[in-house]
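S.K.: Would you mind keeping the following structure in view while I ask a few things?
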Amino acid sequence: MKPNSERSIIGISVKAIAIGTIASLSFIACKSQKVQLLSAVQPGANAQAVAPRQQAKDAVMEWNAIALSTIRTDKTSPPMAAHNLAMVHGAVYDAVNGIAATHKRYRVQVQAPPGASEAAAAIAAAHRMLVNLYPKQAAALDAAKTESLAKIAEGKSKTDGIKLGETVADQIFAWRQNDGSNAEVAYTPINQPGYWQPVPPEFKSASMPHWKNVKPFAMTKGEQFRIAKMPSLTSAEYTAEFNQTKEIGAKDSTTRTADQTAIAKFWLNGSGTLTPPGHWNQIAADVAIKRGNTLQQNARLFALLNIALADASIIDGDQKYTFNRWRPITAIQQADKDDNPETTADANWTPLLSTPSSPAYVSGHSTFGGAADAVLTAYFGDKVSFTATADPSVNLPPRSFNNFTQAAEEAGMSRVYGGAHWMSDNRDGLTAGRNLGKYVVQNFLTPN
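Dropping the structure here:
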């Protein structure tokens, strides 16, 4: 795969992309227990409350925050963000675990020198991979690396860790060369009812039709968890979800509540944000800090999470460009062509939020959420209450949840509230993502 050609973040202070990144990205939602957590969802009595992160606690956390800042500055797309985070954290894991030797490797087998620094290895691996992926941001990333490594005492342990981390990152990067993520694939819309067409107001061409063919990070093939349950245009299920999105997802809806509108915007994570995969990384970091994870534990946690999220993006691409389902804005405006007497066209219907230029089935937000739910629930358990903060671009209060499943389901429903998806897009995306997440946890990075 080729490096991204993004604009540079040279000029941003080191702290803005290192530990201070947490503040700049509004990761800190509250500084005392006196701050009220605003949400329609309240933590259950048996849940272990988890507050947003206050600061990066170790090198893995620090460089996860730097990676998210890099993605946000670059305006990396959600699929590519997931892909790149998997490369970063796959390298970090193999570097740290190469020294700790507690779990099975991901890709790279290394012989670590005795006493090599795990923190130095994590920093070097993350830095090397991010520079490979975002070369125009190299100066700022180099400065962040210098600041991070300055916290580690000089000596052989440090230099051995750096060398190990860089070696692992180079091997992971080489493995992902020509993985299809930068391919260009022609796509011609099918001009029939039910099939995706470029959507108003910009009528852009199809976005990333090649993504279904990207080499997986864990799956054996892109269609491994494919779900084929899209309802036919004349079915009762389609009629029900058509009317649901038409009513609750409309820009001028009179039935969507203020909280549902907030949910749609809270989980949107569009261009120039952390992206949906980044949002789930932020949630994982908040919980990991509260739990007191070690550096080794965080290396494994973020590798599992991001490997699953990367393959979730491939599942989403496979589903979208296999079934090529039309979006609600097209379907509702052209309902007179669907041969369903129970649907009524509205040529002026517009959704609450803009519609992406890709087919509807399945929802990427739902697939990401399902994968994250499965991984984080397997890792932390199902009784972990936490507070999630929104991307600062939307200026919304934090939301609290009893568990990861609740958050994933809300993230999926956000796309129905926003008018971009149908309920079956959400349902089947969640299912496919969860099936993937369970597969990753059961088959990768297991104990020795």
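Numbering (this note's numbering), first residue to last: 8 to 455.
Heads up, the beta-carbon is just placed ideally off N, CA and C, and yes, glycines get one too.
1. Smallest Cα separation from Val391: which of Ala378, Trp203, Phe411?
2. Note down the Cα distance separating Gly419 from Thr280, rounded to an integer number of angstroms.
3. What residue does the alpha helix (DSSP H) around Ser212 start on, and which one ends it?
4. Does the Cβ of Ala36 have 16 or more other Cβ atoms within 10 Å, making it buried, or fewer, making it exposed?
5. Is the beta carbon of Asn442 closer than 9 Å to that of Asn288?
6. For Tyr325, I'd like the list of residues in its chain whose CB is within less than 7 Å of its CB, leaving aside the five on either flank, ordered along the chain.
7. Which residue from Val423, Ala352, Gln267 puts its Cα closest to that of Leu403?
8. How many Å lie between Leu92 and Asn347 at the Cα?
9. Who are the near neighbours of Asp149 in its chain, counting only those whose CB is closer than 8 Å to its CB and skipping five residues on each side?
10. Figure out for me which residue from Val221, Gln199, Asp177, Pro196 has the closest Cα to the Cα of Gly187.
11. Whole angstroms is fine: what's the gap from Thr457's alpha carbon to Arg434's?
12. Measure the beta-carbon distance from Thr166 to Gln303 and round it to whole angstroms, keeping in mind my assumption that it falls under 8 Å.
13. From Leu383 to Ala295, what distance separates their C-alpha atoms?
14. Near Met430, which residues of its chain fall below 7 Å by C-beta distance, leaving aside the five closest residues on each side in sequence?
15. Does the beta-carbon of Gln449 have 16 or more other beta-carbons within 10 angstroms, so that it is buried, or is it exposed?
16. Helix, strand or coil for His110, going by three-state DSSP, please let me know.
17. Could you tell me which of Met237, Gly436, His286, Thr227 sits nearest to Pro399, measuring between CA atoms?
18. Exposed or buried, what is Asp353 when buried is set at 16 or more other beta-carbons lying within 10 Å of its beta-carbon?
19. Here's a check: name, in chain order, each residue in its chain whose Cβ is nearer than 7 Å to the Cβ of Ala269, leaving out the five neighbours to either side.
20. Near Lys82, what residues of its chain come up, given a Cβ to Cβ distance below 7 Å and the 5 sequence neighbours on each side ignored?
21. Could you tell me whether the Cβ atoms of Ser373 and Ala317 are closer together than 9 Å?
22. Which same chain residues, not among the five before or five after Ala367, have their C-beta less than 8 Å away from its C-beta?
23. With DSSP as the reference, label Thr394 as helix, strand or coil.
24. According to DSSP, is Phe375 helix, strand or coil?
25. Can you tell me the Cα-Cα spacing of Gly172 and Ala132, whole angstroms?
26. Using only CA atoms, which one of Ala193, Ala119, Leu437 lies nearest to Ala379?
27. How many whole angstroms separate the CB atoms of Ala439 and Gly377, which I take to be in contact at a CB cut-off of 8 Å?
28. Is it buried or exposed for Ala98, if we count other Cβ within 10 angstroms and need 16 for buried?
29. Can you tell me the Cα-Cα spacing of Leu360 and Pro142, whole angstroms?
30. Pull up the distance between the alpha-carbon of Ile78 and that of Thr396, whole angstroms please.
31. Since I believe Ala129 is in contact with Val95 (beta carbons under 8 Å), could you give me their beta-carbon distance rounded to a whole number of angstroms?
32. Excluding the 5 residues preceding and the 5 following Asp259 in the sequence, name in chain order all residues of the same chain whose CB lies nearer than 6 Å to its CB.
33. What are the boundary residues of the alpha helix (DSSP H) that Ser320 is part of?
34. Over the uninterrupted alpha helix (DSSP H) stretch that includes Ser431, give me the two end residues.
35. So, under 8 Å CB-CB, Ala271 and Ser421 are touching, yes? Tell me the CB distance rounded to an integer number of Å.
M.R.: A quick look at the data gives this:
1. Within the sequence shown, the letter at position 384 stands for residue 391. The shortest C-alpha separation from Val391 is found at Phe411.
2. For the purposes of this step, residue 419 is taken as residue 412 along the sequence shown, with counting starting at 1. For the purposes of this step, residue 280 is taken as residue 273 along the sequence shown, with counting starting at 1. When the Cα atoms are used, Gly419 and Thr280 turn out to be separated by approximately 18 Å.
3. Numbered from its first residue, the sequence shown carries residue 212 at position 205. Under the DSSP assignment, Ser212 falls outside any alpha helix (DSSP H); it carries neither an H nor an E label.
4. As a working note, residue 36 is residue 29 in the sequence shown. Because the pLDDT at Ala36 is just 32, under 50, the model does not fix this residue reliably, and the point stays unresolved.
5. Stepping through the sequence shown from its first residue, residue 288 is reached at position 281. Stepping through the sequence shown from its first residue, residue 442 is reached at position 435. The answer is no: Cβ separation not under 9 Å.
6. Position 318 of the sequence shown, counted from the first residue, corresponds to residue 325. The sequence as given places Asp at residue 325; Tyr does not occur at that position. Same-chain partners within the cutoff: Lys219, Gly229, Glu230, Arg233.
7. For the purposes of this step, residue 403 is identified with residue 396 of the sequence shown, where counting begins at 1. In terms of Cα proximity to Leu403, the closest of Val423, Ala352, Gln267 is Gln267.
8. If you number the sequence shown from 1, residue 92 lands on position 85. If you number the sequence shown from 1, residue 347 lands on position 340. Near 43 Å, if we compare the C-alpha coordinates of Asn347 and Leu92.
9. In the sequence shown, counting from the first residue as 1, residue 149 sits at position 142. Correct list, in chain order: His134, Val138.
10. By one-based count along the sequence shown, residue 187 stands at place 180. From the listed residues Val221, Gln199, Asp177, Pro196, the smallest Cα separation to Gly187 is found for Val221.
11. With the chain covering 8 to 455 only, the question about residue 457 has no answer from this structure.
12. On the sequence shown, position 159 is the one that residue 166 refers to. On the sequence shown, position 296 is the one that residue 303 refers to. No, Thr166 and Gln303 are not in contact; Cβ-Cβ is about 21 Å, not under 8 Å.
13. Along the sequence shown, one-based indexing puts residue 383 at 376. Along the sequence shown, one-based indexing puts residue 295 at 288. When rounded, the separation of the alpha-carbon atoms in Leu383 and Ala295 is 10 Å.
14. Along the sequence shown, read from residue 1 onward, the residue named residue 430 stands at position 423. Excluding residues within five positions, the ones whose Cβ falls inside 7 Å are Glu248, Gln251, Val423.
15. Residue mapping note: residue 449 aligns to position 442 of the sequence shown, counting from 1. Gln449 should be labelled exposed.
16. Walking along the sequence shown from the start, residue 110 turns up at place 103. Judged by DSSP in its simplified three-state form, His110 adopts strand.
17. As a position in the sequence shown, residue 399 is number 392, starting the count at 1. A check of alpha carbon separations from Pro399 across Met237, Gly436, His286, Thr227 identifies His286 as the nearest.
18. Position 346 of the sequence shown, counted from the start, is the residue given in the question as residue 353. When all chains shown are included, Asp353 counts as exposed.
19. Numbered from its first residue, the sequence shown carries residue 269 at position 262. Non-local C-beta neighbours of Ala269 in its own chain, meaning closer than 7 Å and more than five positions away in sequence, comprise Leu403, ordered along the chain.
20. Counting from one through the sequence shown, the residue named residue 82 turns up at place 75. If we look at Lys82 and ignore the five residues flanking it on each side, its Cβ neighbours are Ser278, Gly279.
21. For this step, residue 373 is matched to residue 366 along the sequence shown. For this step, residue 317 is matched to residue 310 along the sequence shown. It is not a contact, given that the beta carbons lie outside the stated cut-off.
22. Locating residue 367 in the sequence shown gives position 360, where the first residue counts as 1. So the list reads Trp203, Lys327, Arg332, Trp333, Arg334, Pro335, Ala427, His428, Trp429, Asp432, once near-sequence residues are dropped.
23. In the sequence shown, the residue the question calls residue 394 occupies position 387. Three-state DSSP puts Thr394 in a strand.
24. If you number the sequence shown from 1, residue 375 lands on position 368. Secondary structure at Phe375: helix, using DSSP grouped into helix, strand and coil.
25. Translated into positions along the sequence shown, residue 172 becomes position 165. Translated into positions along the sequence shown, residue 132 becomes position 125. Within the model, the alpha-carbon separation for Gly172 versus Ala132 is close to 4 Å.
26. To locate residue 379, count along the sequence shown from 1; it is residue 372. Comparing C-alpha distances from Ala379 to each of Ala193, Ala119, Leu437 shows the shortest one belongs to Leu437.
27. The residue given as residue 439 occupies position 432 in the sequence shown. The residue given as residue 377 occupies position 370 in the sequence shown. So it is a contact: roughly 7 Å between Cβ atoms.
28. The residue you call residue 98 lines up with position 91 of the sequence shown. Result: buried.
29. Translated into the one-based positions of the sequence shown, residue 360 becomes position 353. Translated into the one-based positions of the sequence shown, residue 142 becomes position 135. Between Leu360 and Pro142, the C-alpha separation is close to 33 Å.
30. Residue numbering aside, residue 78 sits at position 71 when the sequence shown is read from its first letter. Residue numbering aside, residue 396 sits at position 389 when the sequence shown is read from its first letter. One C-alpha to the other measures close to 17 Å.
31. To locate residue 95, count along the sequence shown from 1; it is residue 88. To locate residue 129, count along the sequence shown from 1; it is residue 122. Not a contact, Cβ separation roughly 10 Å.
32. Taking the sequence shown and counting its residues from 1, the one referred to as residue 259 is at position 252. Hits under 6 Å: none found.
33. Taking the sequence shown and counting its residues from 1, one reaches residue 320 at position 313. Note, Ser320: alpha helix (DSSP H), 302-330.
34. Residue numbering aside, residue 431 sits at position 424 when the sequence shown is read from its first letter. Its alpha helix (DSSP H) spans residues 430-450.
35. As a working note, residue 271 is residue 264 in the sequence shown. As a working note, residue 421 is residue 414 in the sequence shown. Yes, they are in contact, since the Cβ atoms of Ala271 and Ser421 sit about 5 Å apart, within 8 Å.
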